[in-house]
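Everything on this sheet refers to the single structure shown next.
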Amino acid sequence: MADDMMAQGKLLVVDDLHKSFGSLEVIKGVSFDMDFKERLVLMGPSGSGKSTLVRCINWIEPPSAGRVTFDGKLVESGKYDIRRLREDIGMVFQQFNVFPHLTALQNVALGPVVVKKTARKEAEAEAMELLTKVGLSHRADHKPAQMSGGEQQRVAIARALAMHPKLMLFDEPTSSIDVELIHEVLDVMVRLADEGMTMIVVTHEMGFAKEVADRVIFMDQGLIIESGSPAEIFEHPQQERTLSFLSKVLLA
Amino acid sequence: MFKWSIIFENLPFLLAGAWTTLSLTVVSMIFATVAGLLVGLLNMFGGRVVGAITRFYIEVVRGTPALLLVLLVYYALPIIGVNLPQFPAAAVSLAVCYAAYIAEVFRAAVESIPKGQSEAAFSLGMNRAQALRHVILPQTFRRVLPPLANEFAALIKDTSLVAFISMEDLLFKAKIIGARTYNIMSPLIGAALIYLIMTTPVMQWSRSLEKKVE
Chain E
1 MADDMMAQGK LLVVDDLHKS FGSLEVIKGV SFDMDFKERL VLMGPSGSGK
51 STLVRCINWI EPPSAGRVTF DGKLVESGKY DIRRLREDIG MVFQQFNVFP
101 HLTALQNVAL GPVVVKKTAR KEAEAEAMEL LTKVGLSHRA DHKPAQMSGG
151 EQQRVAIARA LAMHPKLMLF DEPTSSIDVE LIHEVLDVMV RLADEGMTMI
201 VVTHEMGFAK EVADRVIFMD QGLIIESGSP AEIFEHPQQE RTLSFLSKVL
251 LA
Chain U
253 MFKWSIIFEN LPFLLAGAWT TLSLTVVSMI FATVAGLLVG LLNMFGGRVV
303 GAITRFYIEV VRGTPALLLV LLVYYALPII GVNLPQFPAA AVSLAVCYAA
353 YIAEVFRAAV ESIPKGQSEA AFSLGMNRAQ ALRHVILPQT FRRVLPPLAN
403 EFAALIKDTS LVAFISMEDL LFKAKIIGAR TYNIMSPLIG AALIYLIMTT
453 PVMQWSRSLE KKVE
């Protein structure tokens, strides 16, 4: 009962989440929660478990233990099945994972047509609006192979938005993109944040974190080391590991 | 000795056999492809029991001669009351045989699609069947065509096994001509040329498709 009361007003509550691959425990008990419209940035060295953590939130990696409550409903409690959860949570991947056999427009329209049974015409009209929003209306009929990484990732963002998610997960969205094209993806993400989208972003982009994040969580070795506002984390980190990580990122 | 004249004089007879070979190949291939896709999908996604059963089927077929299957269907099934005429018996046995190989072709193609594709489909809320139908299988289509064409060429050659159940395919007709003219070399070489005319374009097509996929 008390937990349900706590979950009131929170979009996401992650409680003591663990994830193991075989005998290797990648996430060793992580708890945090998020308000509606909150923007969270997850940072940490590679292997810290930050990507696995976001992939556990929509069950792309099923957690080994712990509880996830999304929009007031406990996930996998029988009341709320995983597919509904995924409809409500958009995901953007490091490798884009756009569908290579479909045009940009078809990529964006596919989710609503297949999952929500939206009429194709209607779905494609909205897909066009979303492509316009990410600055790609002129690329609607192009296939991913004809597009740059930055363009593919913007298609992927539009594809996730087409499902009208309540939460967007970004798993290192700019790590595979040429440096000079990163800004076009970040610009779209900043605009989304400005419109009030709730989002969790795994990234090392300090500028983005400073501009957009309400809160930064720093992870290492499967645990949350510390969390706070960008100013607190970047200017006054309390933990040695945070400090040493930040100095490496800033040097890079 | 080899004589062109024997081939030319008996060409309509040989071509009738070639027609049997070709129609048997096409019919068997259609059934084998549909069954192979089904078996491949069941093997990958059917769960533990169905997966084990289909794996057993695939391994049994791959580990035994195709000829054995042909003889089994035509001569042994009648013992348990299943009497199939020559053509259906031949088509069924070749389809059962090739479905196993084609199941492996589809499995390899599905497994060659990066994991991120199904993850992206699942992240939109698709179930496994939807992800397969709309995301995975359309991408495998181009990748399965070259190996399927190879199987087709192999099947053209393997239809010669039906001579063992006295079906008058291309090879059987060649043997008849050989017995009739006391010259076995000429009709066999004629048959070889006709086999090559059928298989070469298929294999060329497969090779050019492979280049395109790369």
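Chains as they are written, first to last, in our numbering: chain E, 1 to 252; chain U, 253 to 466.
Where a beta carbon is used, it is the ideal one built from N, C-alpha and C, also for glycine.
For clarity, every value in this text was computed on a predicted model and none was experimentally measured.
Buried or exposed by the 16-neighbour rule on C-beta atoms within 10 Å, applied to residue i
i: T452 of chain U; result: exposed
i: G9 of chain E; result: exposed
i: G269 of chain U; result: buried
i: P112 of chain E; result: buried
i: Q456 of chain U; result: exposed
i: F170 of chain E; result: buried
i: A405 of chain U; result: buried
i: Y434 of chain U; result: exposed
i: D81 of chain E; result: exposed
i: G377 of chain U; result: buried
i: M419 of chain U; result: buried
i: P237 of chain E; result: buried
i: A255 of chain E; result: Residue 255 of chain E lies beyond the range of chain E shown here (1 to 252); nothing can be said about it.
i: R380 of chain U; result: exposed
i: W59 of chain E; result: buried
i: F374 of chain U; result: buried
i: T272 of chain U; result: buried
i: D421 of chain U; result: buried
i: S244 of chain E; result: exposed
i: L448 of chain U; result: exposed
i: G90 of chain E; result: buried
i: N335 of chain U; result: exposed
i: L186 of chain E; result: buried
i: E403 of chain U; result: buried
Contact under 8 Å by Cβ, residue i with residue j
i: S227 of chain E; j: R215 of chain E; result: yes
i: P63 of chain E; j: D220 of chain E; result: no
i: K143 of chain E; j: P100 of chain E; result: yes
i: R154 of chain E; j: E195 of chain E; result: no
i: L105 of chain E; j: A127 of chain E; result: yes
i: L266 of chain U; j: A426 of chain U; result: yes
i: T69 of chain E; j: V13 of chain E; result: yes
i: M189 of chain E; j: L167 of chain E; result: no
i: Q382 of chain U; j: I365 of chain U; result: no
i: V41 of chain E; j: A209 of chain E; result: yes
i: N97 of chain E; j: E371 of chain U; result: yes
i: G442 of chain U; j: I331 of chain U; result: no
i: V362 of chain U; j: M450 of chain U; result: no
i: L246 of chain E; j: G29 of chain E; result: no
i: L294 of chain U; j: V301 of chain U; result: no
i: A341 of chain U; j: Y353 of chain U; result: no
i: A347 of chain U; j: A287 of chain U; result: yes
i: V202 of chain E; j: V54 of chain E; result: yes
i: E38 of chain E; j: T52 of chain E; result: no
i: L413 of chain U; j: A328 of chain U; result: no
i: F36 of chain E; j: L74 of chain E; result: no
i: T306 of chain U; j: G298 of chain U; result: yes
Option in the options with minimal Cα separation from residue i
i: I417 of chain U; options: U:E261, U:F339, U:C349; result: U:F339
i: A351 of chain U; options: U:T277, U:G292, U:T273, U:A444; result: U:G292
i: P399 of chain U; options: U:W256, U:A270, U:M281; result: U:M281
i: M197 of chain E; options: E:K117, E:F96, E:G135, E:A160; result: E:A160
i: R385 of chain U; options: E:L24, E:F208, E:L110; result: E:L110
i: L397 of chain U; options: U:T316, U:V313, U:V357; result: U:V357
i: A156 of chain E; options: U:Q369, U:K427, U:V313; result: U:Q369
i: D88 of chain E; options: E:P237, E:I217, E:A162, E:M189; result: E:A162
i: I177 of chain E; options: E:L192, E:G150, E:V202; result: E:G150
i: V31 of chain E; options: E:E25, E:G66, E:S20; result: One detail in the question is off: residue 31 of chain E reads as Ser in this sequence, not Val. The option with the nearest alpha carbon to S31 of chain E is E:G66.
i: H204 of chain E; options: E:V75, E:A123, E:S175; result: E:S175
i: C56 of chain E; options: E:S20, E:K73, E:E38; result: E:S20
i: F93 of chain E; options: E:M43, E:E172, E:A158, E:K117; result: E:E172
i: R359 of chain U; options: U:N402, U:V322, U:L389; result: U:L389
i: F254 of chain U; options: U:T277, U:V387, U:I408, U:S438; result: U:S438
i: V471 of chain U; options: U:D410, U:K367, U:E462, U:I428; result: Residue 471 of chain U is absent from the structure shown; chain U starts at 253 and stops at 466.
i: A140 of chain E; options: E:T103, E:R83, E:M147; result: E:T103
Cross-strand partners of residue i (DSSP beta bridge)
i: T69 of chain E; result: E:V13, E:L74
i: H18 of chain E; result: E:K28, E:A65
i: G228 of chain E; result: E:V216
i: D171 of chain E; result: E:V202
i: R39 of chain E; result: E:M199
i: L223 of chain E; result: E:D220
i: D178 of chain E; result: Answer is none; D178 of chain E lacks a bridge partner.
i: M34 of chain E; result: E:L12
Exercise. Counting only runs that start and end within the region 77 to 128 of chain E, where is the alpha helix (DSSP H) found for 4 or more residues in a row?
Worked result: 82 to 88, 104 to 115
Exercise. Counting only runs that start and end within the region 364 to 434 of chain U, where is the alpha helix (DSSP H) found for 4 or more residues in a row?
Worked result: 367 to 375, 380 to 383, 389 to 410, 422 to 433
For this session: List in chain order: all unbroken alpha helix (DSSP H) runs of 4+ residues lying wholly within the region 339 to 363 of chain U.
Result: none
For this session: At 4 residues or longer, and completely inside the region 303 to 333 of chain U: list those alpha helix (DSSP H) runs for me, N to C.
Result: Counting whole runs of 4 or more residues, the region 303 to 333 of chain U contains the alpha helix (DSSP H) stretches 318 to 323.
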